[in-house]
Every structure is written in structure tokens, then in C-alpha cells.
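One structure is given below, encoded as C-alpha cells.
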Amino acid sequence: EEVTGRLPLHIAAMAGSTQKGAGVEMAKAQSPHSAYHSKFVIDELLYAYRDGAAVQDAEGNYPLVLAINSGKKWIDGGLKSLYEAFPDATHQIDTDNIRASLKPAFSFTSNFDDGADDDESGGFIGE
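Numbering-wise (this note's numbering), the sequence shown opens with residue 477 and increments by one.
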């Protein structure tokens with residue numbers, strides 16, 4: 477644990493975003509291989525220390541929230557693994573901006589999708 481209170485799981489969850497609030501724009505700049513690598517690292521860290529998903533960093537953020545803010549997706553970004561390890565982290569999601577922050581995270585597209593088959597809904601649940 478470093479001065480920021482972040483475990484390796486927090487750092488892996490933030491991977492792909494070089495600045496706070498960069499979100500989806502930074503995630504789109506990632507290659508598909510880095511998205512897969514990020515999920516792999518998150519899964520391995522959860523295997524080693526599953527309780528890390530329930531640890532808040534010095535700013536009070538859970539790894540799941542950091543992963544959503546970095547633009548990771550449910551299918552191949554590690555969100556499902558983080559959620560399954562500590563579902564209560566969803567209570568920390570900003571409900572005022574829930575649609576904007578969760579649409580890319582919980583879409584049915586993957587980080588490997590080239591966007592060729594996208595429709596207007598983006599494959600979001602409920603649309």
C-alpha cells in the first residue's frame with residue numbers, strides 16, 4: 477500500500493487513464509491488447525487478494541469505481557470481476573452522472589470491438 481492508500485488492484489483498475497476524469501476518451505486510445513491485459517491483471521490480483529476489492533484508497537474510492545472512471549467495460553475490462561468480488565462498491569457510484577459513466581462500462585460491446593456494427597443504442601441495456 478502506497479501513500480495514496482492504493483493497492484496494486486486500485487492501480488490496475490485505473491490503468492488506461494493518465495489523468496483523473498479522462499474516462500472514456502483515454503480508454504478509447506488503448507489498444508485491444510492493453511484492455512485484455514488490464515482484465516488479466518485485475519483477475520490475477522483478485523485471485524491473490526480478493527478482499528482488495530473492498531478496500532478504499534486515500535480518496536475513498538473502491539477499485540470498481542476507479543475502473544468505471546477509467547473507461548473499462550463489463551465484458552473485457554475487469555468490471556464484472558470487481559463487481560463480483562465486492563458488489564457494495566456500486567453504492568459509491570455518482571447517481572447524478574450514472575448514465576454517462578456507466579453506458580460505456582456496461583455496454584454489450586467489448587474493448588476489442590472495432591465499432592463497425594454499432595447502432596445508435598451502443599448495445600446498452602434497456603435501449
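For each residue, glycine too, the CB sits at the ideal point set by N, CA and C.
The model shown is predicted, which means the values in this text are computed figures rather than measured ones.
- Task: For the alpha helix (DSSP H) holding K556, just list the boundary residues, first then last.
- Result: L555 to A561
- Task: Drop a sphere of 10 angstroms on the beta-carbon of A534, count the other beta-carbons inside from all chains shown, and report buried for 16 or more, exposed for fewer.
- Result: exposed
- Message: Can you tell me whether L522 is helix, strand or coil according to DSSP?
- Response: helix
- Query: Under a Cβ-count criterion, where at least 16 other Cβ atoms within 10 Å of its own Cβ denotes burial, should G547 be classed as buried or exposed?
  - Reply: buried
- Query: Short check: CB of L485 to CB of Y525, under 9 Å?
  - Reply: yes
- Message: Which same chain residues end up closer than 6 Å to G481 when comparing Cβ atoms and leaving out the 5 residues on each side of it in sequence?
- Response: D533 and A534
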